[in-house]
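Q: Have a look at this one before I ask anything.
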Amino acid sequence: MFRLFFALECPGLDVTLIPQDYISERPSNYHITIAFLGERSDPVLEAQRVSEACVGKLPLEIEYQCLGAFQQPSNARVLWIGVKSQKIKDLASEVRLISESDDRPFLPHVTISRFKQQTNLERLVLDHKKSKFGSGIVDKLILFKSELTRKGAVHTPLHFIDGNGSISSK
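Residue numbers (this note's numbering): 40 to 209.
Pasting the structure below:
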């Protein structure tokens, strides 16, 4: 069994406006989760199932805007940067439906920090309510394997799906 999720890479993301002590995620872990699948036995089958959903929906132009926090900025466990894109919600809806994921409502974002204890981020979030953190073009949906370790999650890309529905591996 593999712990799997579909996500997009984050080309053009610039976190230099955020104080370093608020960033805990490694840049190699930055991604925009489209659908969390959980434990599945066949990654190839999962990629094949959603390949049609990518046809005509990629590439995507994305912009990174504003900071937010889960659950509330006053007692946050996660700090994130919002993602704006015209077609991202269509892609996420279709991938989630086809893959039968059990996700929460879709909020496009990039997690940049996780806190072990609740942290008050109200001032930081308010200061960056209108900040822009770059932009880019995403041309592939990626199926990742996620392994939980004591040092945090390790995400390994397994399969890439382009805007024609073609699947490739590493």
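All C-beta atoms, glycine included, are put in the ideal place defined by N, C-alpha and C.
Who are the near neighbours of Val122 in its chain, counting only those whose CB is closer than 7 Å to its CB and skipping five residues on each side?
A: Ile71, Ile101, Tyr103, Pro147, His148, Val149
Q: Grab me the residues of Ile73's own chain with a C-beta within less than 7 Å of its C-beta, minus the 5 sequence neighbours each way, in chain order.
A: Phe45, Ala46, Leu47, Leu130, Ala131, Val134, Leu180
Q: What does the alpha-carbon distance come out to for the pair Val193 and Ser152?
A: 15 Å
Q: Within the continuous beta strand (DSSP E) that includes Glu139, where are the two ends?
A: It is not in any beta strand (DSSP E) - Glu139 carries neither H nor E in the DSSP assignment.
Q: Using C-beta distances below 7 Å, list every residue in its chain close to Leu163, excluding the 5 sequence neighbours before and after it, in chain order.
A: Tyr61, Leu106
Q: Please go through the same chain and pick out, in chain order, the residues whose beta-carbon is closer than 6 Å to the beta-carbon of Ile213, but skip the five residues on each side of it.
A: Absent from the structure is residue 213, since the part of the chain shown begins at 40 and ends at 209.
Q: In the DSSP assignment, what are the bridge partners of Leu43?
A: Gly77, Lys184
Q: Give the DSSP-derived three-state secondary structure of Cys93 in the structure shown.
A: helix
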